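A short worksheet on the structure shown next.
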Amino acid sequence: MKARSWIRRFVDTARGTFEFFEFGEGPPLAVTHLYSEFDERGHTFAAPFSEHYHVYLINLRGAGNSCHAEDPEEYSMDASVLDLEAIRKALGCRSWSFAGHSTGGMLALKYAIAAPDSLEKIIAGGTAASYEYCMDPDSIYCKENLHFSRIVEIMDLLNDPATNTEKRRALSFEWALMSYHSEEKLLQAMKKINSGKTVGQRLDYFRQHDCARFDVRKELRSVQTPAFIYCGNYDAQCPPKFGKEVANLLPNASFTLFNHSNHHPYDEEEEAFRRFVEMTI
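Position 10, counted from 1, in the sequence shown is what the UniProt record's numbering calls 10; the numbers after and before it change by one each time, with no gaps.
Structure below.
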């Protein structure tokens, strides 16, 4: 896919002013991640959707040039759903679809529960319906996983001001490689034009609050919104059994497994992911 510049916009809502980037033609589709900020470079997850949808790539509260939080609770998934609803209304969309990956997928599930009449469909991948994914030994974020102690070391070193730039790059690469099926795939991904910088305050809120209390398994059983759920067969962050659980809980869901991917099928299996996106139309 050729590099493209996403158009930067702002929208004033009843809950504040939000920055977003738009591209593509077709029915409206909102895309975001729970703790990332985007810019005119777009994102490799959002790009395939712009072939078939009018995509709104949204910076949530505290990300990029969107409004700030007066209280940390405003970083929660529940508050983020309210912000997305305010953005939808301000943009004049009677309804739209929503796509999210990883914690963005968790946000998609929360959105479908809270505001089903606002959604044509949700598309969610690399995700789970509860906190139990990070307690599974197959997840690198579980204390029983072989990689967990090294991840803690890497985080400590990255938080240490004495760690020089060269070392930081090496550490970040080592950490990222744990979520790619091969080093070749990661190196290819690093060459792509992309944005998605981590927003520390939002990540901290998720780790300290939202993650421990996240469990929507009961509520998903009554969600009638069409859902397209996917996962990489080697997902080391959120093992595929948790994506399958999400699809099984949702009455109107399909499940797609990317057989040669870890946590990033949209980078690791680009053509297969494009075909998946076409299937959601």
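From the three backbone atoms N, C-alpha and C, an ideal C-beta is built for every residue, glycine too.
Owing to the predicted nature of the structure, the values given are computational and were not obtained by experimental measurement.
Report back the beta-carbon spacing between residue i and residue j to the nearest angstrom; my notes put them in contact at under 8 Å.
i, j, result
"TYR205", "SER76", "7 Å"
"LEU119", "SER95", "6 Å"
"HIS33", "HIS101", "7 Å"
"ALA128", "MET106", "7 Å"
"residue 306", "ASP138", "Residue 306 cannot be examined here, being either before or after the span of the chain that is shown, 1 to 281."
"THR163", "LEU157", "5 Å"
"VAL11", "ALA90", "5 Å"
"GLY196", "SER36", "4 Å"
Kindly indicate the opening and closing residues of the beta strand (DSSP E) around residue i.
i, result
"LEU57", "54-58"
"LYS121", "119-125"
"residue 282", "Outside the displayed range of the chain (1 to 281) lies residue 282, so it cannot be described from this structure."
"GLY16", "16-23"
"ALA30", "28-31"
How would you write the range of the alpha helix (DSSP H) that residue i sits in, first residue to last?
i, result
"ASP12", "Here ASP12 belongs to no alpha helix (DSSP H); instead the beta strand (DSSP E) covers 7-13."
"PRO48", "Per DSSP, PRO48 belongs to no alpha helix (DSSP H) and is neither H nor E."
"SER254", "Per DSSP, SER254 belongs to no alpha helix (DSSP H); it is in the beta strand (DSSP E), 253-258."
"ALA170", "165-177"
"ASN145", "Run containing ASN145: none; DSSP gives neither H nor E here."
"ARG217", "217-220"
"ARG274", "270-279"
"GLY243", "240-249"
"GLN188", "183-190"
Quick one: Cα of residue i to Cα of residue j, how far?
i, j, result
"PHE242", "LEU250", "13 Å"
"PHE273", "ILE122", "16 Å"
"ASP78", "GLN201", "16 Å"
"VAL246", "CYS134", "15 Å"
"residue 296", "LEU84", "Coverage of the chain is limited to positions 1 through 281, which leaves residue 296 absent and any answer about it impossible."
"LYS244", "HIS263", "15 Å"
"LEU109", "PHE45", "18 Å"
"PHE23", "GLU144", "42 Å"
"HIS54", "SER149", "42 Å"
"ILE281", "GLU73", "35 Å"
"ALA124", "ASP267", "15 Å"
"ASP136", "LEU60", "29 Å"
"LYS192", "GLU270", "12 Å"
"ALA63", "ALA253", "30 Å"
"ILE229", "LYS167", "37 Å"
"ARG221", "GLY104", "20 Å"
"PHE49", "ARG88", "18 Å"
"LEU257", "GLU132", "20 Å"
Tell me the DSSP bridge mates of residue i?
i, result
"LYS110", "In the DSSP output, where bridge partners are listed per residue, LYS110 has none listed."
"CYS231", "LEU257"
"GLU73", "Answer is none; GLU73 lacks a bridge partner."
"GLU37", "LYS197"
"SER130", "ASP215"
Comparing the C-beta of residue i with each C-beta of chain B, is any distance below 8 Å?
i, result
"THR198", "Of the protein chains in the structure, only one exists, and it is not chain B."
Inter-stretch contact (C-beta, 8 Å, three-pair minimum) for the segment 16-35 and the segment 63-70: The segment 16-35 vs the segment 63-70: in contact.
Inter-stretch contact at 8 Å, needing at least 3 Cβ pairs: the segment 176-191 / the segment 210-220: For the pair of segments examined, the segment 176-191 was found not to touch the segment 210-220: the number of CB pairs separated by less than 8 Å stays below three.
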